[in-house]
């Protein structure tokens, strides 16, 4: 969609910046519905903020961010774990103590924390922006509501509002802001992980339904073979992950929490897989199967891995590296490596990819799964683009307003979902570390571990509910 819009006439698109979503289509764009276009544009705002956050946290940006007035203040002492320092040609171990080096005032502190402070403020502005629209759009019933044009138009002014909130966020004094907003991020990320799992459940159901329908229509075994291959692949990756977890994240003499986490999630995943193929479950929910269970199992293993990488116990977390790997003074030897920051690790990158997929899928999804639609507050089969867009006199396509009778998704919940996504991306890019403006370090903590593990358990419970609900409430339609 973005590539198609880029090929359109800039003059034609510019004339619609203050108009509604249907105006943003052009002759080279595929036909679509008003609701889909609006969700894509708001998701683009979120992805744009995410890109800015990634740029801010990249190595080499510290010098530019330090130029913001009052943004990089504090003492010159910093606790540096597990490193050595070369002063006057003598290697000095400085593990676990505070080091104050003349001529380095603020430089080390800012290199460690300024990128994280920037991400916190950027994501704070996005969360406030989407929360504001979530409140404004409560109980909008159709596009005839006076607030609907605000949802589907005025994009230029919305962009200005987002920029204004962002600029203001960078002038928030440190104080307790980081600690307080960290806990907002933890709670919001917990909720967003659940939403991600719901979206993955919906995606797996849609995937399974489409391929089974194609197999029945074409009488081709290739579709069945594809479903079987992906199911085996998901389970193989999950089993491999479990083995690696036991090898690298547990120890014979300790790491009891990790052993419990891995074992429980393995047992729970096997349990939901068995439940999904029980004859009674298949009778009530023929669309359920091992493909969905395998995908949920794989996602559960990812969340388990992500949780263990936040354990501050180094013995149980080999991937947890010190943020400052080597610090050199102005008198350091020429062979000393300059200090650098560990910005993110593999699980953070995987989390970012899953986040991008779920954000895009939430914008274009058209689900026929009743239970998931109720959880996501969308209408059955909503958001599709089967109708042909109208073409105006200027040759531009106009998206169909498919919400004149009723909205196809909850405006308020959609913005709340993007608000939670902003908090999740903040925690992902900062590795769920908590900024400490007194010591000017980023600290991992056990609360982040428990939040992720509990979210995996709650997510598995939700998936189990989608399997057994038709059995418990046989008088309801769960098709």
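In our numbering, the protein residues as written are 224 to 702. Ideal Cβ placement from N, Cα and C applies to all residues, glycine included.
The beta carbon of residue 522 is closer than 7 Å to those of 420 and 423 in its chain, skipping five residues each way along the sequence. With respect to the C-alpha of residue 649, the residue from 266, 340, 453 and 697 having the closest C-alpha is 340.
The beta-carbon separation of residue 353 and residue 642, rounded to 4 Å, stays under the 8 Å limit for a contact. Residue 675 is not a Cβ neighbour of residue 464, given a cutoff of 9 Å.
Within the region 359-446, no beta strand (DSSP E) run of at least 3 residues lies entirely inside it. Under DSSP, the beta-bridge partners assigned to residue 474 are 477.
Between residue 634 and residue 356, the gap from beta carbon to beta carbon is short of 9 Å. Within the region 483-519, the complete alpha helix (DSSP H) segments of 4 residues or longer fall at 502-507, listed in chain order. Taking a cut-off of 8 Å for Cβ pairs, the region 421-440 and the region 500-507 do not touch, as fewer than three such pairs fall below it.
With 16 or more other Cβ atoms from the protein chains shown falling within 10 Å of its own Cβ, residue 515 counts as buried.
For residue 381 and residue 390, the gap between their C-alpha atoms comes out near 14 Å. Taking 8 Å as the upper bound for CB-CB distance, residue 429 and residue 646 are not in contact here, some 27 Å apart. If you look at residue 281, you'll find it isn't in any alpha helix (DSSP H); DSSP assigns it neither H nor E. Contact annotation, residue 583 with residue 266: C-beta distance approximately 7 Å; criterion of less than 8 Å satisfied.
Inter-residue distance for residue 481 and residue 363 is about 46 Å (C-alpha atoms, whole angstroms). Short of 6 Å from the beta carbon of residue 492, and not among the five residues preceding or following it, lie these beta carbons of its own chain, in chain order: 520 and 523. Taking a C-beta distance under 9 Å as the contact criterion, residue 687 and residue 395 do not qualify as a contact pair. Counted as a single uninterrupted DSSP element, the alpha helix (DSSP H) harbouring residue 673 occupies residues 669-695. Residue 417 is positioned such that its CB atom lies closer than 9 Å to that of residue 678.
Under the three-state reduction of DSSP, residue 534 is assigned to coil, being neither helix nor strand. For the set 383, 630 and 415, the Cα lying nearest the Cα of residue 372 is the one of 630. Apart from the 5 residues on each side of it in sequence, residue 262 sits with its Cβ closer than 6 Å to the Cβ of 586 in its chain, given in chain order. Within the same chain, Cβ atoms closer than 6 Å to the Cβ of residue 349 are found at 272 and 645, the five residues on either side in sequence being excluded. The shortest CA-to-CA distance from residue 259 to any of 574, 697, 632 and 671 is the one to 632. Around the beta carbon of residue 697, fewer than 16 other beta carbons lie within 10 angstroms, which makes this residue exposed. For the options 264, 471 and 406, the alpha carbon positioned closest to that of residue 541 is the one of 471.
Distance check between residue 338 and each of 387, 282 and 392 places 282 closest, using alpha-carbon atoms only. For residue 359, the closest C-alpha among the options 636, 695, 691 and 672 is that of 636. It is roughly 32 Å from the alpha-carbon of residue 476 to the alpha-carbon of residue 684. Residue 528 holds the alpha-carbon nearest to the alpha-carbon of residue 483 among 439, 405, 528 and 638. In this structure residue 513 touches residue 454 by the C-beta definition: roughly 5 Å separates them, less than 8 Å.
In this structure, residue 525 sits near residue 577, with a CB-CB distance shorter than 9 Å. One alpha carbon belongs to residue 436, the other to residue 460, and they sit about 27 Å apart. DSSP, read as helix, strand or coil, puts residue 654 in coil. Look at residue 257 here: in three-state DSSP terms it is helix.
By the neighbour-count definition (other C-beta atoms within 10 Å, threshold 16), residue 427 is a buried residue.
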